[in-house]
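Have a look at the structure below before the remarks.
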């Protein structure tokens with residue numbers, strides 16, 4: 001049996017998952033030069049280039065992608081087998097989830113999960129972006145990048161964006177529209193997109209990875225155009241825009257997991273059209289592990305919670 005340098009395999013997996021030699025070095029508590037040495041040693045042994053290096057940018061080659069797909073499950077299996085021998089129970093589940101989803105929707109519901117499944121020990125890994133899924137990162141994921149070989153998923157939510165603001169700001173919007181003769185005072189008429197250009201629009205670049213793109217697409221969905229002189233205040237993340245709206249600073253675009261009008265007394269949903277983003281949030285895990293009791297119970301609980309939230313799936 002001729003094996004590659006075994007010490008290099010976890011190093012390769014960490015670099016492939018983070019796409020960063022420095023991030024892998026920090027995670028493994030070694031120097032960046034040690035990481036580079038291990039990768040060179042592995043590439044020399046295999047006779048293949050596993051990464052494309054361009055300045056600070058790192059990307060997997062085709063051979064690297066195939067190798068990662070083959071060895072990541074084996075490394076995870078070795079880790080689980082070792083934990084079992086150490087006496088670590090298999091009720092511990094690591095769930096990677098987007099930060100806004102976790103803060104606004106999942107965490108408030110965790111006491112219910114603990115009451116229903118006290119045997120589960122759930123560890124949350126907050127994600128700022130959507131990395132390549134790997135068991136070295138988590139056992140399962142809530143993600144909209146769920147199409148990955150070797151993984152199965154269960155749809156939780158089809159994302160839609162709608163306009164929200166604080167009740168105090170809504171009073172201002174309503175009064176100004178009434179005074180301008182755009183709606184009859186006290187009526188529940190649908191607000192036309194162009195009417196909102198009178199007010200501050202709070203934009204989150206994280207939605208479409210481009211400043212102001214969320215509002216541009218929302219206006220287009222309403223057969224209107226965002227004027228170049230519209231007052232748009234920019235934020236990096238929807239969580240920030242959401243909080244700015246809560247503090248009466250303007251109108252933000254929200255979605256169903258960020259806003260629960262039944263339990264949130266501060267924010268209201270405006271009577272306007274909605275924008276389908278095209279994103280679907282799924283619960284995903286390795287296909288080979290989907291029938292493990294803990295993962296199966298977590299998946300079923302999440303689906304039921306999504307249904308109870310009234311989400312359109």
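Numbering (full-length UniProt numbering), first residue to last: 1 to 313.
Beta carbons are placed, not taken as given, at the ideal position from N, Cα and C, and that holds for glycine.
Worksheet item: For residue 169 versus residue 237, is the C-beta spacing smaller than 9 Å?
Response: no
Item to complete: Within the same chain, show all residues whose beta-carbon is closer than 6 Å to that of residue 8, passing over the 5 residues directly before and after it, in chain order.
Response: Within the same chain, Cβ atoms closer than 6 Å to the Cβ of residue 8 are found at 38, 41 and 42, the five residues on either side in sequence being excluded.
Discussion item. Going by beta-carbon coordinates alone, are residue 52 and residue 61 separated by less than 9 Å?
Written reply: yes
Practice prompt. Classify residue 45 as helix, strand or coil using the three-state DSSP reduction.
Written response: helix
Fill in: Contiguous alpha helix (DSSP H) assignments of at least 4 residues, all confined to the segment 157-203
167-179
Worksheet item: Going along the chain, which residues of its own chain have a beta-carbon closer than 6 Å to the beta-carbon of residue 231, five neighbours each way excluded?
Response: 200
Practice prompt. Find the nearest neighbour of residue 138 within the set 311, 96, 149 and 73, judged by alpha-carbon distance.
Written response: 96
Fill in: Boundaries (first-last residue) of the beta strand (DSSP E) holding residue 282
Element bounds for residue 282: 275-286.
Worksheet entry | Nearest neighbour of residue 283, chosen from 141, 107 and 98 [CA to CA] | 141
Practice prompt. Sort out for me which residues DSSP pairs residue 252 with in a bridge.
Written response: Looking at the DSSP assignment, residue 252 forms a beta bridge with 164 and 202.
Discussion item. Could you tell me the alpha carbon to alpha carbon distance between residue 229 and residue 266, rounded to whole angstroms?
Written reply: 29 Å
Worksheet item: If you count every other CB in all the chains shown that lies within 10 Å of the CB of residue 17, and 16 or more means buried, which is it?
Response: buried
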